[in-house]
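Worksheet: one structure, shown below.
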Amino acid sequence: MADLYPHKSGLGFMEPVALINHNVCILYGSARHFRKVRYLEPIPPFQCLDIGGIALQTTTPRTAAPNLDLFDNEFGQYRWYPIDNAHIRLWLPQVDGRYSIRQFQVPVGMEILDRDPCLHLTEFFVWEDYHPWFEATNFMDYALTTCRIIAQGFRYVTSELGRSTIAAIEAGQEACTYVVASGWAGLP
Amino acid sequence: MPVGYLQARKGVRLQGPVIDVIGLNIGAAQAIFQQSTFLPAIVGTRTFRIKRIKGLNQAGANTLIHIATAAIGDVIPPLQTFDGLNFDFVEADLPEVEINADLLAWVVAATVTVQVEVEELG
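Laid out in structure tokens, this is it:
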């Protein structure tokens, strides 16, 4: 098994979370999708969303990012950063905030490039077309004319695993990488 | 670069608007960069350091420009500017003063047009 796992923090840039023929389990809400990777390709850094202008000291509505959608049976592994001076919160799906701790949903700002240059801790996964939503706050006393987000990562084409393989994975007899593709509000 | 060295604390580089400074005392000083203080969005206020001051003396005479905050007064020594000339003080010319308020400017003789670049931390 290759030495691959989510948010991998070795020195250097982004690595795929799985390779061709690896088993993965995509967790979306309470659903678990056991899949085998059939194909993967890199997605170079691109501007996936421009939330638009933001008045000073204002928060935007949650804005969908359908440019991060994938086809059926595919999932994406993305890292991202903003190139305008806002604090941006990630929601996946629209009602579940990512990077949440008890008192706080941690935003990502331009300073992420200094604090986490390889963006390990911004990593998130998208299952098919269940894309994320971004909410931006302009905390400055100056207006922003744009609020752009750059994303990069990998696209994976998968096929379903058979029941016997899933049973072997759950019994711990076969390797599988679990990836989380949604937020979680926590146990009640 | 050793940890703890001020320059290791990299921030976000921003610029203030172009301001025609006409205020002739600290009471009439004008904001050349306003601190980010939107507490619903950030934990505490953000501080910043001046990285560049660019300007043009249009006063008809050599004059001083004071860079200040309302509470402290001058945060760096006044800068001498020469009649009809641009001035451009860059990172190496400026002390590593960290500012925790709106940044103001006033002049001994009006008008001096000025713009600052800052690095915001927080």
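Protein chains in written order, with numbering that gives the first Met the number 0: chain A, 0 to 187; chain B, 0 to 121. Don't be surprised by glycine CBs; every beta carbon is placed ideally from N, CA and C.
Looking at the ligand MG, does it come within less than 7 Å of R12(B), judged from the CB to the closest heavy atom? Ligands in the displayed structure: none, and consequently the ligand MG is not present.
Span of the alpha helix (DSSP H) holding D113(A)? By 1-based counting over the first sequence, the position of residue 113(A) is 114. Where D113(A) is concerned, the enclosing alpha helix (DSSP H) stretches over 111-114.
Over what stretch of residues does the alpha helix (DSSP H) that includes S158(A) continue unbroken? Residue numbering aside, residue 158(A) sits at position 159 when the first sequence is read from its first letter. Premise fails: S158(A) lies in the beta strand (DSSP E), 147-159, not in any alpha helix (DSSP H).
If we call anything under 8 Å between Cβ atoms a contact, is L93(B) one with F86(B)? As a working note, residue 93(B) is residue 94 in the second sequence. As a working note, residue 86(B) is residue 87 in the second sequence. Contact: no.
From the DSSP output, read off the bridge partner residues of V89(B). As a working mapping, residue 89(B) is identified with position 90 in the second sequence. Answer is none; V89(B) lacks a bridge partner.
On the DSSP bridge list, what partners appear for A124(B)? Because chain B in this structure spans residues 0 to 121, residue 124(B) falls outside the shown range and cannot be described.
For P60(A), which option in G75(A), D95(A), T136(A) has the closest C-alpha, if you only look at C-alpha atoms? Within the first sequence, residue 60(A) is the residue found at index 61, counting from 1. Checking every option, the nearest Cα to that of P60(A) belongs to T136(A).
Exposed or buried, what is I100(A) when buried is set at 16 or more other beta-carbons lying within 10 Å of its beta-carbon? In the first sequence, counting from the first residue as 1, residue 100(A) sits at position 101. Per the 10 Å Cβ criterion, exposed.
Taking 8 Å as the CB-CB limit, is E110(A) close to chain B? The residue you call residue 110(A) lines up with position 111 of the first sequence. E110(A) counts as touching chain B.
Can you give me the start and stop residues for the beta strand (DSSP E) that P165(A) sits inside? Counting from 1 along the first sequence, the entry for residue 165(A) is found at position 166. Going by the sequence as given, residue 165(A) is Ile instead of Pro. Careful: I165(A) lies outside any beta strand (DSSP E), inside the alpha helix (DSSP H) at 162-169.
Can you tell me the Cα-Cα spacing of A100(B) and K53(B), whole angstroms? What you label residue 100(B) is simply residue 101 of the second sequence in a count that begins at 1. What you label residue 53(B) is simply residue 54 of the second sequence in a count that begins at 1. Each residue's Cα considered, the two are about 20 Å apart.
From P1(B) to V179(A), what does the alpha carbon distance come to, in whole angstroms? Locating residue 1(B) in the second sequence gives position 2, counting from the first residue. Locating residue 179(A) in the first sequence gives position 180, counting from the first residue. Its pLDDT being 47, under 50, P1(B) is placed unreliably by the model, and the measurement read from it follows with that caveat. If I take the Cα positions, the gap works out to 37 Å.
For the segment 132-152 of chain A, enumerate the residues whose C-beta is nearer than 9 Å to any C-beta of chain B, in chain order. T136, N137, F138, M139, D140, Y141
Short of 8 Å Cβ to Cβ, which residues in the segment 79-90 of chain A face chain B? In summary, the residues of the segment 79-90 of chain A whose CB is separated from some CB of chain B by less than 8 Å are N84, H86, in the order they occur in the chain.
Give me the chain B residues within the contact set of T121(A), using Cβ-Cβ distance strictly less than 8 Å, ordered along the chain. The residue labelled residue 121(A) in the question sits at position 122 within the first sequence. Residues of chain B passing the Cβ test: none, with the nearest at roughly 16 Å.
Enumerate in chain order the residues of its own chain whose CB-to-CB distance from N24(B) is below 7 Å, with the five nearest sequence positions on each side excluded. In the second sequence, the residue the question calls residue 24(B) occupies position 25. Closer than 7 Å at the Cβ level, and outside the excluded window around N24(B), lie W105.
Cβ contact (3+ pairs, closer than 8 Å) linking the segment 148-163 of chain A and the segment 78-92 of chain A: Taking 8 Å as the limit for Cβ pairs, the verdict is that the segment 78-92 of chain A does touch the segment 148-163 of chain A.
Local conformation of V44(B) per DSSP, three classes: Here residue 44(B) refers to the residue found at position 45 of the second sequence. In the sequence as displayed, the identity of residue 44(B) is Thr instead of Val. Looking at T44(B) - three-state DSSP - the assignment turns out to be coil, as it is neither helix nor strand.
Which of helix, strand or coil DSSP assigns to L120(B): If you number the second sequence from 1, residue 120(B) lands on position 121. Strand.
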